[in-house]
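One structure is given here, and the rest of the page talks about it.
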Amino acid sequence: MKSLIKLVIVSLSLSVCLSAFSANTISKVTYKWTDDKGIVQYTERPPKNHGYEKITISASGSEEITNVTQEEATEKETTNNSTADDYAKANLRNCEIAKRNLNVLTNLARIRVSDEKGENRILSDEEKKAREDETRKEIKVYCTETPKT
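For any residue, its number in the numbering used here is found by taking its place in the sequence shown, counting from 1, and adding 194.
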């Protein structure tokens, strides 16, 4: 009887550990790229005919950024030119993503990036600060800009 109780306790403990581990592996992918007008865009889909960075933010508190070349980007799907309404929606979405990225950059100690060779590394403090500055500029653009008609 004691061995049965131990077996149940071990099984339950293992189940709880596996559940906790799987919850921490949930992630969100965002694509960062610069359009023809020189404006940095954040989208949920990769752009067509543009190089981009693939940014993966996981629930475990780490972020992975992958650079993608323009040649690779041409193989990916994209949306067509935006109307003024689409522009406003895109700005709102980009504003939210930029704010979320700033939150990640300022609140997480370690941010993981992928280089051109696909090797992972942690951003240095200087790189992290540069990305924070860039993200603050993006917030100024996306969170206050209105569509041009």
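Every residue gets a Cβ at the ideal spot worked out from N, C-alpha and C, and that includes glycine.
Cα-Cα separation between TYR236 and GLU332, rounded to whole angstroms:
Here residue 236 is taken as the residue at index 42 of the sequence shown, counted from 1. Here residue 332 is taken as the residue at index 138 of the sequence shown, counted from 1. Near 10 Å, if we compare the C-alpha coordinates of GLU332 and TYR236.
Whole-angstrom distance between ASP280 and GLU326, CA atom to CA atom
For the purposes of this step, residue 326 is identified with residue 132 of the sequence shown, where counting begins at 1. For the purposes of this step, residue 280 is identified with residue 86 of the sequence shown, where counting begins at 1. Their backbone Cα atoms lie some 27 Å apart in a straight line.
Tell me the rounded alpha-carbon separation between LYS322 and LYS231.
Taking the first residue of the sequence shown as position 1, residue 322 is located at position 128. Taking the first residue of the sequence shown as position 1, residue 231 is located at position 37. Taking the straight line joining both Cα atoms gives about 26 Å.
Just to confirm before moving on: does the CB-CB distance between ARG304 and ASN314 stay below 8 Å?
Counting from one through the sequence shown, the residue named residue 304 turns up at place 110. Counting from one through the sequence shown, the residue named residue 314 turns up at place 120. No, the Cβ-Cβ distance between ARG304 and ASN314 is not below 8 Å.
Can you tell me whether ASN329 is buried or exposed, with buried defined as 16 or more other CB within 10 angstroms of its CB?
On the sequence shown, residue 329 is found 135 positions in, with the first residue counted as 1. The question names Asn, yet the displayed sequence has Thr at residue 329. Buried is the call here.
Please report the distance separating the alpha-carbon of HIS244 from that of ILE233.
As a first step, residue 244 is located in the sequence shown; it is residue number 50 there, counting from the start. As a first step, residue 233 is located in the sequence shown; it is residue number 39 there, counting from the start. Approximately 12 Å between the Cα atoms of the pair.
Cα-Cα separation, ASN295 to GLU320:
Position 101 of the sequence shown holds residue 295. Position 126 of the sequence shown holds residue 320. When rounded, the distance between both Cα atoms is 16 Å.
Answer with buried or exposed for ILE316, where buried requires no fewer than 16 other C-beta atoms within 10 angstroms of its C-beta.
Translated into the one-based positions of the sequence shown, residue 316 becomes position 122. ILE316 comes out exposed.
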